[in-house]
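Chemist: Last residue of the sequence shown? That's 775 in our numbering, and every number before it is there in order.
By construction, the Cβ of each residue, glycine as well, lies at the ideal position given by its N, Cα and C atoms.
Following this message is one structure expressed as structure tokens.
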Amino acid sequence: MSMEMTVQPAPTVRSAEAPAGDRRFRGQGKQLLWQRPEQVSVIVLPLVVDRDRERRRLEKLFAAMHSIKRALQRDARRRLGAYWVSPRRMQQDAAEWREQLGLTREGLERRAYRHLERSGWLLDHVSKALAMHQADEVWAGVERHLFGDREGRRSGMPRVGSYWDFLRIAGRARSHTTEHKWETFRLFGTLAGHLAAYRHPQLPKEIISPAQSASLAPGNHVLAQPRHQRAPDPVGSWWDHIGPLVLVFSGGPTSKAGELVLPVRLPQGAGRWPYLLHYLDRPEQWHKVDLVRRRNASAPGGWAYEAHLMILGDGYFSPATRARRQAAADLQRVGGVDGNVSNPGVPAKPASRGGLAVVSFPGSYSPADGDVASTRVSLTEEEKARLTQKHRKDRARQRALHRSRRASNPQQYHLSRRQQRRAERRAAAGLQVRQLVVRSGGRMVDARGRPGQPFRDDVLSKGYRRRRGRHAEAAASFQEARTHRARCAAAAIVVVHGPRLTIEEGNVSAWFQRWGRSCLAFTPGRLIKALDEECTASGGSLVRVGTSATALAQRCLCGARVPKTLGQRTHACPACGLTGDRDLVSAALAAFTTLDDPGKPSFARVDDDLSRRAQRAFGQRLQAAVAESPGSPRNPEISWGGSTVLRPLGATAARKRPRARRRCASARRNAGPCLVPTPAGSTVSPPGSHGRNPDSQNGQNFWDSA
Ligand SMILES: [Zn+2]
70 MSMEMTVQPA
80 PTVRSAEAPA
90 GDRRFRGQGK
100 QLLWQRPEQV
110 SVIVLPLVVD
120 RDRERRRLEK
130 LFAAMHSIKR
140 ALQRDARRRL
150 GAYWVSPRRM
160 QQDAAEWREQ
170 LGLTREGLER
180 RAYRHLERSG
190 WLLDHVSKAL
200 AMHQADEVWA
210 GVERHLFGDR
220 EGRRSGMPRV
230 GSYWDFLRIA
240 GRARSHTTEH
250 KWETFRLFGT
260 LAGHLAAYRH
270 PQLPKEIISP
280 AQSASLAPGN
290 HVLAQPRHQR
300 APDPVGSWWD
310 HIGPLVLVFS
320 GGPTSKAGEL
330 VLPVRLPQGA
340 GRWPYLLHYL
350 DRPEQWHKVD
360 LVRRRNASAP
370 GGWAYEAHLM
380 ILGDGYFSPA
390 TRARRQAAAD
400 LQRVGGVDGN
410 VSNPGVPAKP
420 ASRGGLAVVS
430 FPGSYSPADG
440 DVASTRVSLT
450 EEEKARLTQK
460 HRKDRARQRA
470 LHRSRRASNP
480 QQYHLSRRQQ
490 RRAERRAAAG
500 LQVRQLVVRS
510 GGRMVDARGR
520 PGQPFRDDVL
530 SKGYRRRRGR
540 HAEAAASFQE
550 ARTHRARCAA
560 AAIVVVHGPR
570 LTIEEGNVSA
580 WFQRWGRSCL
590 AFTPGRLIKA
600 LDEECTASGG
610 SLVRVGTSAT
620 ALAQRCLCGA
630 RVPKTLGQRT
640 HACPACGLTG
650 DRDLVSAALA
660 AFTTLDDPGK
670 PSFARVDDDL
680 SRRAQRAFGQ
690 RLQAAVAESP
700 GSPRNPEISW
710 GGSTVLRPLG
720 ATAARKRPRA
730 RRRCASARRN
740 AGPCLVPTPA
750 GSTVSPPGSH
760 GRNPDSQNGQ
770 NFWDSA
């Protein structure tokens, strides 16, 4: 079987290569290729994996896919090693050299097929399309290493990932030009069929369609899905199935186990139905399904499984969100943002805590059209206490893991000095040697200081594995909650200041190096990313400007240079007398930066004329806005993560519910993003994000080439 493919980077029309030898190639395509729209969005559908048989198949599928990924990553690393050590070839004919080494998308795909066919067992679990997608994913990492991203930043050598971090299997996209053509993971059934099969007994008789359910007030029950949901039997072909929603995977080509059929569980209340209706009621918009697993210590096997369905078009936005964004877009304001991290060397004044400072002006910079506004976003005391508690819990878990590892592998550890002395005392007293001791000394090492036995060969108890799973689960849910909070804070900023903001391009990783833990608490990168998304979604943008050319922290709105060290938190200009908080002043200055070339943040400059005029026009009001004490009506403080303002919706309600044994089970809420790099529910993909690599349309174009 020939696996040769010609994939040309031309985005619209695929040209044919001249036929070489007896190999046959396809002729020139006559039609324009189908193009995926710019906007796509994803809904997370929890899957019901009740029976051991299905669970074991899924575990084997993930294990098989991970072994393919690992083999490809090792291949790629070896080849990249060979590539970089030959500077002569790289100068003369780099492209040909890469081709020879197989460092191309097709080269990696060929390797994937080779691994698949030679292994003998992989084909029982994995289809060729899945292996191909895996190769494409590995290639994406290799490409970033070889050529860099849009800004030219190259990433390091691709790393071989661990089994525990392997969470997502990318499925193949459905063909939108040929009917009934959808490989790997397919979603069948309809929302109406789901409603008909699992109606709640209290649902009024006159409600029969999903659209009617969506019009019910939140708090009404719509569905009552049983705890053990049976997979429906298809009547004829799956394509004719109109019953409850179900995920179908055919298995590997040599598999004898038949189709893997997993029922989908939907949220049951009426409040989520507008959302479900948006994603699931138009099957022609369904594009592709990725299979994702998530740590869940209480699920059998330790994993919960989800189908991430990508649809063509925008995500769901509630009427309230749309109204909020429209109002923000109508504000006609321009603003600047400045991020900082609390400096542990300086006594903690309220103003020197880590946070973001935002200052905005009316778009015309004229006091007649509005006032100057400033906001600080900082961690509340409550959130700090919560973080401290979390760190303490993490440490306790970590110590329990260490203890368990030492108890299971006593021969790998020394006794501590104290344990040693005690053993000597007992021996001197003629007592027996104590056997049951968790040795708390150092690890046994060889002459070169390396562990005598690699850590991966240690014996790990069941309790260890369970605890580690719980630890990973807690960490993932913590991250999800933080991202949600960042989005809430970003929304609160854009409501006040509008979506046209400018930020000084700071190097967040440098902050982390300098400030470590306190930066970890505030996670400025996460908030800035959320702000970027919110601005884009509200019709504006967060413009990044370079630091070196503008040096916003070192100057004043009047144009004078006001040098400050990092520890100096106040700005006091000797030329014009403006005094205020350092971050608020540089945020105000950021509102006056202009980019000569929009693509290049390093060519930013501050419009001194404009800033001087605005300073004169706003006078005392500007002085009050950048004043050091936050919390005044003009200078409100948004607390990030306080329980009163920005707790994730529904989190408290869920905890307070009595733990009665319920006979039906709802789906997990999916308010936050997925744990994997698929765009989340209501995320808007930034314009041009698919533009760099027009050939990778999530496998859609392979229908035309394979
Ligand atoms: Zn000044």
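(1) Classify M159: buried if its beta carbon has 16 or more other beta carbons within 10 angstroms, exposed otherwise.
(2) Note down, in chain order, each residue of its chain lying with its Cβ closer than 8 Å to the Cβ of V229, except the 5 sequence neighbours on either side.
(3) What are the residues that DSSP puts in a beta bridge with L331?
(4) Which whole-angstrom value describes the C-beta separation of L360 and L260, a residue pair presumed to lie in contact below a C-beta threshold of 8 Å?
(5) Cα separation between K129 and H194?
(6) Taking 7 Å as the cut-off, is the C-beta of A644 nearer than that to any heavy atom in ligand 1?
(7) DSSP state of S429, grouped into three classes?
(8) Check this for me: beta carbons of E332 and A300, under 8 Å apart or not?
(9) Over the uninterrupted beta strand (DSSP E) stretch that includes S110, give me the two end residues.
(10) By Cβ distance below 6 Å, which residues in the same chain neighbour F318 in space, the five residues on each side in sequence not counted?
(11) Pull up the CB-CB distance for P431 and R402, whole angstroms please, since I reckon it's below 8 Å.
(12) What I want to know is whether the C-beta of A629 ends up closer than 7 Å to one or more non-hydrogen atoms of ligand 1.
(13) Does at least one heavy atom of ligand 1 sit under 7 Å from the Cβ of L626?
(14) Quick check: does the Cβ of Q647 come within less than 7 Å of any heavy atom belonging to ligand 1?
(15) Quick check on DSSP: helix, strand or coil for G710?
(16) Please classify I380: is it buried, with 16 or more other beta-carbons within 10 angstroms of its beta-carbon, or exposed?
(17) Using the C-alpha atoms, what's the distance from G510 back to Y374?
(18) Classify R630: buried if its beta carbon has 16 or more other beta carbons within 10 angstroms, exposed otherwise.
(19) Apart from the five residues just before and just after S477, which ones in its own chain have a Cβ nearer than 6 Å to its Cβ?
(20) Suppose you measure from the CA of R534 to the CA of T639; what does that come to, to the nearest Å?
(21) Decide if the segment 117–137 is in contact with the segment 388–398; the criterion is three or more beta carbon pairs, one per stretch, under 8 Å apart.
(22) L256 and W355: beta carbons closer than 8 Å?
(23) At what residue ranges does the segment 342–425 contain a whole run of the alpha helix (DSSP H), taking only runs of 4 or more?
(24) Should K197 be labelled buried (16 or more other beta-carbon atoms within 10 Å of its own) or exposed?
(25) Where does the unbroken beta strand (DSSP E) through L256 begin, and where does it stop?
(26) Going by the beta-carbon positions, is the gap between S429 and A437 smaller than 8 Å?
(27) Taking only the alpha-carbon atoms, compute the straight-line gap between Q294 and R613 and give it to the nearest angstrom.
(28) At what residues does the alpha helix (DSSP H) containing R474 begin and finish?
(29) Select from V154, R682 and A696 the residue whose C-alpha is nearest the C-alpha of S435.
(30) Roughly how many whole angstroms lie between the Cα atoms of R219 and P227?
(31) Rounded to a whole number of angstroms, what is the C-alpha to C-alpha distance between H214 and R179?
(32) Assuming E573 is part of the alpha helix (DSSP H), what are its boundary residues?
(33) List the residues that DSSP assigns as beta-bridge partners of R777.
Modeler: On the basis of the data shown:
(1) exposed
(2) R139, Q142, R143 and R146
(3) L316
(4) Contact flag wrong, Cβ pair sits at about 21 Å.
(5) 7 Å
(6) yes
(7) strand
(8) Residue identity differs from the one stated: residue 332 is Pro in this sequence, not Glu. A contact, by the Cβ cut-off of 8 Å.
(9) V109 to P115
(10) F254 and L329
(11) 6 Å
(12) yes
(13) yes
(14) According to the sequence provided, residue 647 is Leu. The question's Gln does not apply to it. Correct: L647 has its Cβ closer than 7 Å to ligand 1.
(15) With a pLDDT of only 45 at G710, under 50, the local geometry of the prediction cannot be trusted, and no value is derived from it.
(16) buried
(17) 41 Å
(18) exposed
(19) V528 and S530
(20) 51 Å
(21) no
(22) yes
(23) 342–349 and 388–398
(24) buried
(25) R255 to F257
(26) no
(27) 48 Å
(28) E450 to S477
(29) R682
(30) 18 Å
(31) 20 Å
(32) Element bounds for E573: not the alpha helix (DSSP H) but the beta strand (DSSP E), R569 to E573.
(33) Because the chain spans 70 through 775 in this model, residue 777 falls outside it and cannot be assessed.
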